[in-house]
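Numbering (the numbering used here), first residue to last: 1 to 326. Where a beta carbon is used, it is the ideal one built from N, C-alpha and C, also for glycine.
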């Protein structure tokens with residue numbers, strides 16, 4: 001086994017676009033679930049809207065790249081209102097069912113040929129990168145050391161994504177220490193008590209859904225920056241991966257989703273590189289290399305169950321703040 005290659009490919013995911021995008025989306029989910037108690041299983045829908053809003057506004061309407069990001073944000077806000085107005089009064093389990101369905105509806109709308117002129121249906125969208133790359137302030141060349149050697153475009157994507165994560169984390173940190181954040185935490189603990197104090201619980205839930213959805217949309221944009229927008233990426237399992245990240249780092253924390261995303265993608269990258277080589281070396285004679293790629297998802301599922309059983313508060317979390325542990 002080539003451990004040098006395995007470790008090098010694994011280390012590259014410490015600052016990969018996928019890691020950054022999932023950290024952003026998980027921060028939004030922390031606001032939804034960790035702080036507000038909203039069992040949202042539709043974060044993949046917000047990511048899809050952010051990515052498609054960005055790509056479509058550039059390709060179909062010739063908008064600048066930064067306008068494309070704003071379009072993705074506005075799209076996520078509209079989706080939050082459409083989703084939240086009829087559903088935020090539902091109990092947590094019913095809300096989970098509705099949000100799963102809503103995210104899947106969004107994905108299928110981008111897949112259908114009815115909007116092929118704008119979405120390119122199942123083939124997805126590409127070739128929308130010129131404007132973002134033209135705004136790159138990094139001189140042309142290759143930079144870095146060890147496994148983190150990239151050209152100016154690859155560094156620009158990573159630096160821009162990390163800046164978005166820092167801004168999102170600061171916003172969440174500030175909000176949770178404000179009077180608004182204290183009301184949000186109160187809703188998570190006992191929304192009837194908050195309502196008895198004269199607070200509009202529905203309005204606060206809607207605000208939380210909108211802000212967390214915007215973070216999800218920004219995660220979708222970052223995921224789209226280096227490559228293409230393909231609807232098969234925004235499936236339900238993406239949201240489950242975000243919950244794995246969230247529970248790993250800590251649901252009601254600011255840094256938990258960020259650290260959780262790094263750990264999640266490092267483990268996924270390690271398994272993706274190590275398992276096939278173990279098969280080829282005869283260490284896993286009962287499976288093929290293709291089957292070994294499926295095994296990593298099984299291991300992630302088992303890990304999620306073990307986290308919920310033995311450390312539901314995650315690495316940084318406080319068990320007393322969990323909505324599903326009373």
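First and last residue of the alpha helix (DSSP H) that includes residue i?
| i | result |
| --- | --- |
| residue 264 | 256 to 280 |
| residue 86 | 65 to 87 |
| residue 131 | 130 to 134 |
| residue 9 | 3 to 11 |
| residue 248 | 236 to 249 |
| residue 289 | 289 to 310 |
| residue 17 | 17 to 29 |
| residue 44 | 43 to 59 |
| residue 114 | That residue, residue 114, is in no alpha helix (DSSP H); it is neither H nor E in DSSP. |
Label residue i either buried or exposed according to how many other C-beta atoms from any shown protein chain fall within 10 Å of its C-beta, with 16 as the threshold for buried.
| i | result |
| --- | --- |
| residue 242 | buried |
| residue 247 | buried |
| residue 88 | buried |
| residue 176 | buried |
| residue 142 | exposed |
| residue 82 | exposed |
| residue 26 | buried |
| residue 327 | Summary: the structure shown does not reach residue 327, with the chain confined to residues 1 through 326, and so no result is reported for it. |
| residue 166 | exposed |
| residue 291 | exposed |
| residue 329 | Past the edges of the chain, shown from 1 to 326, lies residue 329, and the structure says nothing about it. |
| residue 57 | buried |
| residue 302 | exposed |
| residue 113 | exposed |
| residue 146 | exposed |
| residue 283 | exposed |
| residue 294 | exposed |
| residue 105 | exposed |
| residue 97 | exposed |
| residue 215 | buried |
| residue 151 | exposed |
Run through the DSSP bridge pairs and tell me what residue i is partnered with.
| i | result |
| --- | --- |
| residue 148 | 145 |
| residue 229 | 125 |
Where residue i and residue j are concerned, what is the direct C-alpha to C-alpha distance, given to the nearest angstrom?
| i | j | result |
| --- | --- | --- |
| residue 48 | residue 119 | 11 Å |
| residue 80 | residue 32 | 12 Å |
| residue 181 | residue 277 | 48 Å |
| residue 67 | residue 108 | 25 Å |
| residue 117 | residue 169 | 37 Å |
| residue 217 | residue 279 | 38 Å |
| residue 299 | residue 253 | 25 Å |
| residue 286 | residue 2 | 21 Å |
| residue 153 | residue 136 | 7 Å |
| residue 140 | residue 16 | 20 Å |
| residue 325 | residue 127 | Here residue 325 scores only 43 on pLDDT, less than 50, and its place in the model should not be relied on; the value that follows carries that caveat. Going from the Cα of residue 325 to the Cα of residue 127 covers about 47 Å. |
| residue 316 | residue 258 | 11 Å |
| residue 164 | residue 144 | 21 Å |
| residue 209 | residue 281 | 48 Å |
| residue 62 | residue 129 | 12 Å |
| residue 318 | residue 256 | 11 Å |
| residue 197 | residue 269 | 49 Å |
| residue 231 | residue 43 | 14 Å |
| residue 188 | residue 173 | 17 Å |
| residue 93 | residue 5 | 44 Å |
| residue 275 | residue 148 | 23 Å |
| residue 308 | residue 200 | 32 Å |
| residue 226 | residue 54 | 13 Å |
| residue 65 | residue 207 | 26 Å |
| residue 178 | residue 21 | 26 Å |
Relative to the ligand ADP, is the shortest distance from any of its heavy atoms to the C-beta of residue i smaller than 7 Å?
| i | result |
| --- | --- |
| residue 72 | The ligand ADP is not part of the structure shown, which contains no ligands of any sort. |
Exercise. With a floor of 4 residues, list each alpha helix (DSSP H) that falls wholly inside the region 171 to 204, ordered by position along the chain.
Key: 179 to 196
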